[in-house]
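Here the sequence shown is numbered in numbering that gives the first Met the number 0, starting from 0 and rising by one per residue.
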Amino acid sequence: MNADELRQVVCVVLAAGQGTRMRSNDTHKVCFDIAGEPAILRNLRAIESAGITRFVVVVGAMATQVMTTVAARHPGAMFVYQAEPLGTGHAARLAAEALERMGHRGPVFVTMGDKIIEPRVVAELLDTFASTQADFAFMTVPKAAGDTEGRIVQAADGAILGNVELSDIQRAQLMDRLARAIRGKRTVRPEPLRQLVSSVVSNPSKLKRLLGPVAVLLEQKGPVAAAELKRQIEAAGRTVTLAGRAFTAAQIEAASPTVNISLYLFRARPMYEALARLKSNNAQGEFYLTDAINDMATARGPAGEPLHRVRMVVLDDRDSVLSYNSPDELLQVESVLRRRLAAQAGKPVVEAPPPSRKVLKPASAWIELFGKFPPRLRSYLATLYGDDGASLAERRATILATLKLFAARYGKDREVIISRAPGRVNLMGRHVDHRGGYVNVMAINREVIFVAAARQDDTVRLVNTESQQHGDKEFRIAELLGGLSWENWLHYINSQQVQQIVQSSRGDWSNYVKAAILRLQESNRHVQVLGMDCAVSGNIPMAAGLSSSSAVVVATAAAAVALNRFDLTAQQFVDLCGEGEWFVGSRGGSADHAAIRFSHRGKVAHVGFFPFRIEGSSDFPPDLALLIANSHVRAAKSEGARSRFNEKVATYELGFMLLKDRFPQYTHLLEHLRDLNPTRLGVKVGEIYSMLRALPEPVTRKQVTELLAPQQRPRLEKIFASHQEPGDGYWLRSVVMFGVAECERSRLFASLLQNRDLARIGQFMRISHNGDRVSGLGTNGRMHQEDWRVTDAMLDSLIEDLRSEDPSRVSQAQLWTRPGGYACSTPELDRMVDLVNQVEGVVGAQLAGAGLGGCIMVLAKKEAAADVEYQLARHYYEPAGLQSAVTVCVPVEGAGLLSV
């Protein structure tokens, strides 16, 4: 088409649809960025490159956003508004009516706003249109398995008969199968018929729409009269009528070698007339633009001659025209486009270097290496686990068994990496990492091992050495993304669909693998994350407060980051893991993941948050032993305890909101709860206690809502959605007191370790545990319920102590001395702590992990370790008929990939 002809062409872009499958409330489908540019602008740029410069954009949903986006680059574009979403045919008709009123008589190019088109494709359509003097030309691609676009049906001689939408084919197929199933019967049971139709269309809402009145009959519980069902089937139709002929679904598929990709070029007058004749008598009840193909292809004159010259252009390269309807499809488009752009620029798709041969090698090579166990491998493992021969032998055997499992299931020649992630212990700083507090952490000699190989698709397959307890798992990333909210990570994990996925697989170990993979995908929307084949082993006790679940998240993330060649900072990696674990329903911080990833052998790391930083590390005292004792009370975050954990986090949030509301003079200083301290606010400790006294407790949701300004309602709704309302209310003052004091203890703890102040370390541990305590040991030797409430009288007394100028009273009233009342221990854990604190040589003991079950940690002189084990066996495990479960832990190297 020459320049003069191109100047006569107007491009109509349809961008009025709601794009509901994108699940975004604030971004229109055509405004999603693809490789850094909104899709509609990328589309218009390609069309403009082909020589078309006049645009009419049909808008509807989020019209202002679409118009603003387009007008920023194309100020001369004209906009037409579609008030009701009645389909692409209706939208095109509105544009046609506007052009006709303007007197436009030249060609009209029609496309969709979400198309990503190569300029040469537009040029090819324009040239064919001009050279054949067509009245109408459109583009197709050869049909492939899984295509959902409309089928272009051709006669035996190649003549175009028209377009048939997949939904109409499916409706005919459903009715035909039902008719065959009920043939010769007087009554039928609905259940087998429901299974029959579900095998054709699995989506329940779509199936109901396609079946129409038939769906009502199939939903009945008792037998259905076959005659009535047959009547409804015949009314719906078992065939599709096209060009005056009836086609079965199978005949349509056989006669349609190509599918429509929605690029059309019309002469104005035939277009105006064809669009005016469109009807909505189809399965969706909409006006299809594709019906214009049928109209123009079959229109005949008085002598039976074709009225219009219709031409079809078959495009061989499918990737030259891309489109998307859901987040997973958007990822695929982005991935294809990035590869294309990188190839054009002569640059690699990703910047991170591939894993070295020390990290990535065939499974058979790893197996040979661990089988021979040369001195260099032993020395390397000693840098991770220490020099203990028995420990090294156990780790060697476990890794070798995991490698052999991978080779047996996936092949010995596959190139694999070995990702390891240990459990962790937090010596001080419980429940405060997500409030900006410090943690003092070390990785322990219990870990998760992943042997992983990249796939070229998005499938993740998992096998476990403990197959009876942890069965084989498989999932596709696209299936977990398709049709779900994609505005941001919180919208996604809070969506009803995700919550249903998690609830239906409660306790499934693969949920933690999904957590890491999906968070990685959400934060890298520009590329499709590769799937993996993985063999997994682990010896961290589950639901014991040693972060077994977080270790799975970290091991998965480390493997996926390496295999996808992503380049993440330490902050990004920790945030990704912490936020990823929210997928299972918890709303914790990133302390566990930071400890697992960045701890060092023989060290206790002092880690801060907001921003994430490792401020240093201290030697773990060589003359001390850290014992972990399991209570055998499970605290599964993805089961019953999740709501309670989230309730405590919500209590922090509510208390902090009220404090900022009641003390506006400090609002600019209060970013996180850790900021509620004398140094940050420039006040004395007594003022902190006075501020805490202003917090009411207990309070209900209704009371909190009434206390805060109306503009806080949306935030409150999000907070409340994470958990069930506690029956005894929110104990704001007690929980916030614990958090503020624990932040102070965690800040000071590193200096205590460096100075080997064992007495003060033990005092800190006792106070910290008392903040979680729910029961105590009475003088009669029996456990009683602990009163952890922070009362007005208690705070008034502390304030008086601070004013007294008595050194002893002032010292005992300091912030770090306050336990508060977080109350996430259990009577069993409290009993165990009280028992070991009676043993000579014990420095201190406290809850390990988030609580509500799990383990305690005991810091003791090495020579007292055996006495601790005996005390627990004699007075806790044996009376309850439980197996003794005390482990001496040593600090090992943090998570990473084996590199030998």
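Here a beta-carbon is modelled for each residue, glycine too, at the ideal position from N, C-alpha and C.
{"Item": "Assign GLY284 to one of two classes, buried (16 or more other C-beta atoms within 10 Å of its C-beta) or exposed (fewer than that).", "Value": "exposed"}
{"Item": "For GLU164, collect the residues of the same chain with a Cβ closer than 6 Å to its Cβ; drop the 5 residues on either side in sequence, then sort them by chain order.", "Value": "GLY149"}
{"Item": "Identify every residue that forms a DSSP beta bridge with HIS605.", "Value": "ASN439 and GLY615"}
{"Item": "Distance, Cα to Cα, LEU896 vs LEU519?", "Value": "18 Å"}
{"Item": "For the stretch 853-862 against the stretch 623-631, are there 3 or more C-beta pairs whose distance is under 8 Å?", "Value": "yes"}
{"Item": "From this set, PRO806, SER689, MET782 and ASN425, which residue's C-alpha is nearest GLY607's C-alpha?", "Value": "ASN425"}
{"Item": "From which residue to which residue does the beta strand (DSSP E) around LYS928 run?", "Value": "Summary: the structure shown does not reach residue 928, with the chain confined to residues 0 through 899, and so no result is reported for it."}
{"Item": "Please check the pair ARG423 and ALA442, which I expect to be a contact at CB under 8 Å, by giving their CB distance rounded to whole angstroms.", "Value": "5 Å"}
{"Item": "Rounding to the nearest angstrom, what Cα-Cα distance links GLY59 and GLN81 in this structure?", "Value": "5 Å"}
{"Item": "Might you give, ordered along the chain, the residues of its own chain that have their beta carbon closer than 8 Å to the beta carbon of PRO361, omitting 5 neighbours on each side?", "Value": "LYS411, ASP412, ARG413, GLU414 and VAL415"}
{"Item": "Compute the distance between the beta-carbons of ILE266 and ASP134, then report whether it is under 7 Å.", "Value": "In the sequence as presented, Ile is not what sits at residue 266; that position holds Arg. For ARG266 and ASP134, yes; Cβs fall inside 7 Å."}
{"Item": "Can you tell which of GLU83, VAL841 and ASN463 has the C-alpha that lies nearest to the C-alpha of MET61?", "Value": "GLU83"}
{"Item": "Are ILE766 and GLY685 close, meaning C-beta to C-beta below 7 Å?", "Value": "no"}
{"Item": "Do VAL603 and PHE619 count as a contact pair if the criterion is CB distance below 7 Å?", "Value": "yes"}
{"Item": "DSSP three-state label for ARG310, please.", "Value": "strand"}
{"Item": "For GLN903, which of helix, strand or coil comes out of DSSP?", "Value": "Since the first and last residues shown for the chain are 0 and 899, residue 903 lies out of range."}
{"Item": "Tell me the rounded alpha-carbon separation between SER201 and PHE474.", "Value": "17 Å"}
{"Item": "Kindly indicate the opening and closing residues of the beta strand (DSSP E) around THR458.", "Value": "458-463"}
{"Item": "Under the DSSP definition of a beta bridge, which residues are partnered with GLU36?", "Value": "ILE33"}
{"Item": "Report the residue from VAL809, PRO354, HIS27 and GLU117 whose alpha carbon sits nearest the alpha carbon of ILE46.", "Value": "GLU117"}
{"Item": "Please tell me whether PRO899 and LEU626 are closer than 7 Å, where the distance is taken between their beta carbons.", "Value": "In the sequence on display, residue 899 carries Val and not Pro. It is not a contact, given that the beta carbons lie outside the stated cut-off."}
{"Item": "Going by DSSP, which residues form a beta bridge with LEU13?", "Value": "VAL57 and MET111"}
{"Item": "Once DSSP output is grouped into helix, strand and coil, what is the label at SER23?", "Value": "coil"}
{"Item": "Taking 6 Å as the cut-off, is the CB of VAL606 close to at least one heavy atom of the ligand SAM?", "Value": "This structure does not include the ligand SAM; it has no bound ligands of any sort."}
{"Item": "Count the other CB atoms, across all protein chains shown, that sit within 10 Å of the CB of ASN487; report buried if there are 16 or more and exposed otherwise.", "Value": "exposed"}
{"Item": "Throw me the rounded Cβ distance for the GLY770 and GLU804 pair, which I believe falls under 8 Å.", "Value": "In fact, because the Cβ distance is near 28 Å, the residues do not count as touching under 8 Å."}
{"Item": "Report, in whole angstroms, the separation of the C-beta atoms of ALA97 and VAL56, which I expect to be a contact under 8 Å.", "Value": "Contact flag wrong, Cβ pair sits at about 11 Å."}
{"Item": "I need the boundaries of the alpha helix (DSSP H) containing LEU657, first residue and last residue.", "Value": "641-661"}
{"Item": "Can you tell me which of the three DSSP states ARG712 falls into?", "Value": "helix"}
{"Item": "Is it the case that the stretch 711-731 contacts the stretch 390-401, given that we only count it when at least three CB pairs across the two stretches are under 8 Å?", "Value": "no"}
{"Item": "Only counting the same chain, and skipping five residues up and downstream in sequence, which positions put a Cβ closer than 6 Å to that of GLY850?", "Value": "ASP771, CYS823 and SER824"}
{"Item": "If you reduce the DSSP assignment to three classes, tell me which class TYR323 lands in.", "Value": "coil"}
{"Item": "On the DSSP bridge assignment, give the partners of ALA628 in chain order.", "Value": "ILE855 and VAL885"}
{"Item": "By DSSP's criteria, ASP532 is part of a beta bridge. Which residues make up the other side?", "Value": "ALA452 and ARG460"}
{"Item": "Would you give the residue range spanned by the beta strand (DSSP E) that ALA844 belongs to?", "Value": "841-847"}
{"Item": "Consult DSSP for LYS205 and reduce its assignment to one of helix, strand or coil.", "Value": "helix"}
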